[in-house]
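Numbering (the working numbering), first residue to last: 22 to 577.
For every residue, glycine included, the Cβ atom is placed at its ideal position computed from N, Cα and C.
Computed from a predicted structure; not experimentally measured.
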């Protein structure tokens with residue numbers, strides 16, 4: 022009796038402790054300047070949502086290759102309370118209203134270059150609207166205060182770093198082709214030297230207009246007029262109506278309860294990433310992945326990813342198509358997917374039945390912020406390819422995205438990331454393209470974690486590998502550092518970083534029927550957070566592949 026009473030008391034105490042706020046805030050972003058901006062806003066009395074505005078805007082200045090006012094993104098929010106509330110802000114770009122399914126067809130053939138470079142490749146940006154939404158509906162501070170660090174960075178400049186130089190080298194030809202982009206982001210036609218100061222006076226003016234006038238400062242008035250006119254003059258199809266009518270979409274986050282007591286809270290469509298994570302985790306929970314030796318674990322993970330990416334073709338913008346989430350995440354379908362995995366041999370992608378056969382029974386950026394009250398934001402932002410469309414609208418400093426390539430311009434072909442097209446993701450005016458961006462939380466009664474990374478089609482596989490490190494009780498430093506491999510159904514190949522597998526492991530995987538492709542570089546830039554809700558301790562970690570900074574500042 023006494024023992025049961027003591028046990029009940031201990032459990033009650035732990036439950037009460039688990040409701041406590043973190044001891045400290047935590048920040049992890051892909052650039053030290055963005056981490057510093059977020060900390061400055063937290064120090065000024067802002068919450069995680071204000072800090073997210075500051076980090077997003079700072080990244081828009083110092084990472085023009087990854088995000089910007091000319092792009093968009095997804096924001097996953099956790100609002101603290103006895104029962105936390107989760108929200109999802111879809112700031113994905115929208116196709117111009119004049120866009121049609123054959124937008125990039127010339128003489129009966131799809132011209133891929135038109136969806137990658139130049140004004141016609143750009144969808145209507147969503148990031149400025151998201152910053153206003155965060156400040157007005159979730160933050161404590163005025164938008165003007167949270168944007169101040171970014172405005173100063175744009176006006177005073179930042180030092181070019183190795184990552185900037187790498188990304189600019191990849192897109193050098195496209196940047197040279199646009200006079201405004203070349204003037205802003207190159208040095209006399211070449212990649213700037215490391216340490217050279219890069220100032221963006223026009224972008225500072227645009228950011229200030231957003232700070233002073235909110236939505237109207239970007240989507241209406243002089244900035245909007247310059248944007249629409251500049252795009253049309255360069256061969257694009259934007260109108261003032263496109264900008265005036267843009268709105269972020271408030272969506273219910275994808276929530277999926279795992280068998281081990283964790284809940285996945287992630288991005289819903291038009292992201293395919295959250296669904297892929299839910300399916301992959303659910304499949305793996307039916308397999309002995311934690312006890313498996315390394316090659317066997319890779320086999321289980323790859324086969325789970327193969328099936329999840331196969332189902333991706335069913336998803337599209339929920340404002341235009343009905344997404345079959347109930348069927349995709351049903352216990353019967355997930356059991357069939359897990360049961361179809363041969364424990365010893367690869368399943369050729371060509372051998373899987375078509376998606377929708379139901380059974381009953383670098384370039385992009387990410388950050389995460391947690392404040393001392395337990396509010397949190399995980400955000401993945403993008404302009405698609407590095408430096409987006411490599412087209413900057415004169416007089417605005419706004420480098421535009423090339424997110425139109427994320428549509429199925431050719432429903433029989435694939436996009437720049439090799440992802441197969443489908444009718445549900447065909448181009449239509451006002452539609453948002455399908456995305457792989459996957460800002461995510463894993464939360465249990467005792468713990469809270471945040472995950473996310475850039476990386477195009479490889480985003481879900483990177484986030485999954487990081488989550489598996491957490492679920493396997495590895496230290497937080499390992500979560501973003503884990504060696505990476507990827508399978509996306511088609512092409513039927515395992516891509517992997519240079520040092521992921523030994524020669525013996527490669528031989529064993531080939532014996533099981535896998536084709537492997539060794540990449541010539543590492544990829545991704547994961548940012549993660551951890552909060553122990555029992556002790557109140559917090560941790561943050563930034564991917565060692567990048568130049569980001571993770572910070573756990575002292576709480577005031």
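### Query
To the nearest angstrom, how far is it from the Cα of residue 279 to the Cα of residue 299?
Walking along the chain shown from the start, residue 279 turns up at place 258. Walking along the chain shown from the start, residue 299 turns up at place 278. Using only the alpha carbons, I get a separation of about 8 Å.
#### Entry: Expected contact under 8 Å - CB spacing of residue 410 and residue 421 to nearest Å
The residue you call residue 410 lines up with position 389 of the chain shown. The residue you call residue 421 lines up with position 400 of the chain shown. Between residue 421 and residue 410 the Cβ distance is about 5 Å, and since that is below 8 Å, they are a contact.
### Coil, strand or helix - residue 553 by DSSP
The residue given as residue 553 occupies position 532 in the chain shown. Residue state, collapsed to three classes: strand.
### Task
Please find out if some non-hydrogen atom of the ligand ZN comes closer than 7 Å to the beta-carbon of residue 353.
The ligand ZN is absent from the structure shown, which contains no ligand whatsoever.
### Task
Can you grab the Cα-Cα spacing for the pair residue 120 / residue 258, in whole Å?
Here residue 120 is taken as the residue at index 99 of the chain shown, counted from 1. Here residue 258 is taken as the residue at index 237 of the chain shown, counted from 1. Whole-angstrom Cα-Cα distance: 8 Å.
### Query
Got a sec? Which residues, its chain only, sit under 8 Å from residue 505 by beta carbon, not counting five neighbours each side?
Residue 505 sits at position 484 when you count from the first residue of the chain shown. Same-chain partners within the cutoff: 479, 482, 483, 486, 517, 518, 521, 543, 544, 545.
### Message
Going residue by residue through the segment 355-424, where are the continuous beta strand (DSSP E) segments of at least 3 residues, counting only ones entirely within it?
### Response
386-391, 397-403
### Message
Check for me: the beta strand (DSSP E) holding residue 276 runs from which residue to which?
### Response
Your numbering for residue 276 matches position 255 in the chain shown. Residue 276 -> beta strand (DSSP E) spans 275-278.
### Query
Applying the criterion that 16 or more other CB atoms from any shown protein chain within 10 Å of the CB defines a buried residue, is residue 381 buried or exposed?
One-based indexing of the chain shown puts residue 381 at position 360. No answer about residue 381 holds up, because its pLDDT of 40 lies below 50 and its placement is not dependable.
### Message
If we define contact as Cβ-Cβ less than 8 Å, is residue 172 a contact residue for chain B?
### Response
Among the protein chains of the structure shown there is no chain B, as only one such chain exists.
### Query
Helix or strand or just coil, what does DSSP make of residue 263?
Numbered from its first residue, the chain shown carries residue 263 at position 242. Correct three-state label for residue 263: helix.
### Query
Is it true that the CB of residue 143 sits closer than 8 Å to the CB of residue 71?
Reading the chain shown from its first residue, position 50 is the one you call residue 71. Reading the chain shown from its first residue, position 122 is the one you call residue 143. No, the Cβ-Cβ distance between residue 71 and residue 143 is not below 8 Å.
### Message
Can you tell me whether residue 129 is buried or exposed? The criterion is at least 16 other CB atoms within 10 Å of its CB, across all chains shown.
### Response
On the chain shown, position 108 is the one that residue 129 refers to. Looking at its Cβ environment, which holds fewer than 16 other Cβ atoms inside 10 Å, residue 129 is exposed.
### Task
Could you round the C-beta distance between residue 458 and residue 371 to whole angstroms and report it? I think they count as a contact, below 8 Å.
Reading the chain shown from its first residue, position 437 is the one you call residue 458. Reading the chain shown from its first residue, position 350 is the one you call residue 371. In fact, because the Cβ distance is near 28 Å, the residues do not count as touching under 8 Å.
### Message
Rounded to whole angstroms, what is the Cα-Cα separation between residue 451 and residue 570?
### Response
Along the chain shown, one-based indexing puts residue 451 at 430. Along the chain shown, one-based indexing puts residue 570 at 549. C-alpha separation (whole angstroms): 37 Å.
### Message
Bridge partners for residue 562 per DSSP, in chain order?
### Response
The residue you call residue 562 lines up with position 541 of the chain shown. According to DSSP, residue 562 bridges with 549.
### Message
In whole angstroms, give me the CA-to-CA distance for residue 207 and residue 62.
### Response
For the purposes of this step, residue 207 is identified with residue 186 of the chain shown, where counting begins at 1. For the purposes of this step, residue 62 is identified with residue 41 of the chain shown, where counting begins at 1. When rounded, the distance between both Cα atoms is 31 Å.
### Task
Check whether the segment 129-140 touches the segment 81-98, counting contact only when three or more Cβ pairs, one atom from each stretch, lie closer than 8 Å.
no
### Task
Indicate whether residue 201 and residue 453 have their beta-carbon atoms separated by less than 8 Å.
Counting from 1 along the chain shown, the entry for residue 201 is found at position 180. Counting from 1 along the chain shown, the entry for residue 453 is found at position 432. No, they are not a contact pair.
### Message
Comparing C-alpha positions only, which one of 562, 326, 107, 140 sits nearest to residue 254?
### Response
What you label residue 254 is simply residue 233 of the chain shown in a count that begins at 1. With distances taken between Cα atoms, residue 254 lies closest to 140.
### Message
Just to confirm the assignment: which complete alpha helix (DSSP H) runs, minimum length 4, are found wholly within the segment 47-109?
### Response
53-64, 69-83
### Task
Could you round the C-beta distance between residue 275 and residue 287 to whole angstroms and report it? I think they count as a contact, below 8 Å.
Working through the chain shown from its first residue, we reach residue 275 at position 254. Working through the chain shown from its first residue, we reach residue 287 at position 266. 5 Å between Cβ atoms; contact.
#### Entry: DSSP state of residue 179 mapped onto helix, strand, coil
As a position in the chain shown, residue 179 is number 158, starting the count at 1. Strand, per DSSP.
#### Entry: Which residues DSSP lists as bridging residue 126, in chain order
Within the chain shown, residue 126 is the residue found at index 105, counting from 1. In DSSP, residue 126 forms a bridge with 131.
### Query
Taking all protein chains shown into account, do 16 or more other C-beta atoms lie within 10 angstroms of the C-beta of residue 52, making it buried, or fewer, making it exposed?
In the chain shown, the residue the question calls residue 52 occupies position 31. Residue 52 is buried by the Cβ-count criterion.
### Residue environment, residue 523, which counts as buried when at least 16 other CB atoms sit within 10 Å
Looking up residue 523 in the chain shown gives position 502. Residue 523 is exposed by the Cβ-count criterion.
### Message
So, does the segment 258-272 touch the segment 219-231, judging by three or more C-beta pairs under 8 Å?
### Response
no
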